[in-house]
Amino acid sequence: MTNPFEDSTAHYFVLSNKEGQHSLRPVRADVPEGWEITIGEAPRQDCLDYVERSWADMRPRSPVAAMEESSVSVHGEE
């Protein structure tokens, strides 16, 4: 049996969460809590291409914001 998360012939959703992270989800699987559909049903490769183009910084948003805030505080910039 083919893994439904790696089936090149299946259609997927691209999901994102509040941290800006992305995930592929087979259309027949439930969307997990905390995630929302960013791109509707599409072939797996199209979804992978979208994620590659759109998710350049894989760090979650909250630590990035905290680091930037800390940098501003340390350097006294406002």
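In this text, residue positions in the sequence shown follow this note's numbering: the first is 55, and each later residue adds one. The C-beta atom is built at its ideal place from N, Cα and C for all residues, glycine as well. In this text, all values refer to a predicted model and were calculated from it rather than measured experimentally.
Would a C-beta distance cut-off of 9 Å place H65 and P80 closer than the cut-off? Cβ atoms of H65 and P80: closer than 9 Å.
Contacts around L78, its chain only, beta-carbon distance under 8 Å, and the 5 residues preceding and following it disregarded: Correct list, in chain order: F59, Y66, F67, V68, L69, R98, C101, L102, V105.
Quick check on the DSSP output: what are the complete beta strand (DSSP E) runs of length 3 or more inside the region 72-101, in order along the chain? The region 72-101 contains these whole beta strand (DSSP E) runs: 76-80, 89-97.
Grouping DSSP H, G and I as helix and E and B as strand, with all else coil, what is S108? For S108, the secondary structure class from DSSP, reduced to helix, strand or coil, is helix.
Taking the DSSP output, what are the residues bridged to F59? F59 is not bridged to any residue.
What whole-angstrom Cβ distance do R115 and G74 have, given they're in contact under 8 Å? Confirmed, about 5 Å.
Other residues of its chain near W89: CB distance less than 6 Å, five sequence neighbours each side excluded: If we look at W89 and ignore the five residues flanking it on each side, its Cβ neighbours are L69, N71.
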